[in-house]
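Remarks on the structure that follows.
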Amino acid sequence: MKDLLGMMSKAKELQQRMLSMQDEAGRIEVDGAAGGGLVKVTLTAKGELKRLSVDPSLLKPEEGEILEDLIVAAHADARGKAEAKMQEKMAELTGGLGLPPGFKLPF
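Going by UniProt numbering, the first residue of the sequence shown is number 1, and it counts up by one from there.
Given below as structure tokens:
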């Protein structure tokens with residue numbers, strides 16, 4: 001019974017930490033780039049696009065398709081970095097719980 005109360009206490013603490021982490025995810029910003037830095041994006045860890053920067057050399061009508069592809073690639077780069085940061089934070093958060101590998105939270 002003592003273990004059950006301990007687990008319940010840890011679960012409540014984890015829930016509070018996760019809420020805090022979700023708030024923090026809105027403040028964490030990561031940068032992504034494509035085309036050797038010609039296109040750059042900044043996302044929050046929640047995936048919200050905050051900034052987009054396009055090098056003026058790409059603003060030629062005949063290179064519109066290339067620009068579109070580079071924007072998508074820069075966004076994907078930043079999104080991957082955001083997901084990695086959130087996984088790091090989640091690992092810190094759940095470190096003492098002894099959860100099995102691949103177990104996803106929230107439940």
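Every residue gets a Cβ at the ideal spot worked out from N, C-alpha and C, and that includes glycine. Keep in mind that this is a model prediction, so the values were computed, not measured.
(request) Find the nearest neighbour of A45 within the set M8, R79, L5 and G6, judged by alpha-carbon distance. (result) R79
(request) Reducing DSSP to helix, strand and coil, say where K40 ends up. (result) strand
(request) Taking only the alpha-carbon atoms, compute the straight-line gap between L14 and I28 and give it to the nearest angstrom. (result) 20 angstroms
(message) Assuming G64 is part of the alpha helix (DSSP H), what are its boundary residues?
(response) G64 to T94
(message) On the DSSP letters alone, give me the boundaries of the beta strand (DSSP E) that G32 sits inside.
(response) E29 to A34
(request) Determine the DSSP secondary structure at K46, reduced to helix, strand or coil. (result) coil
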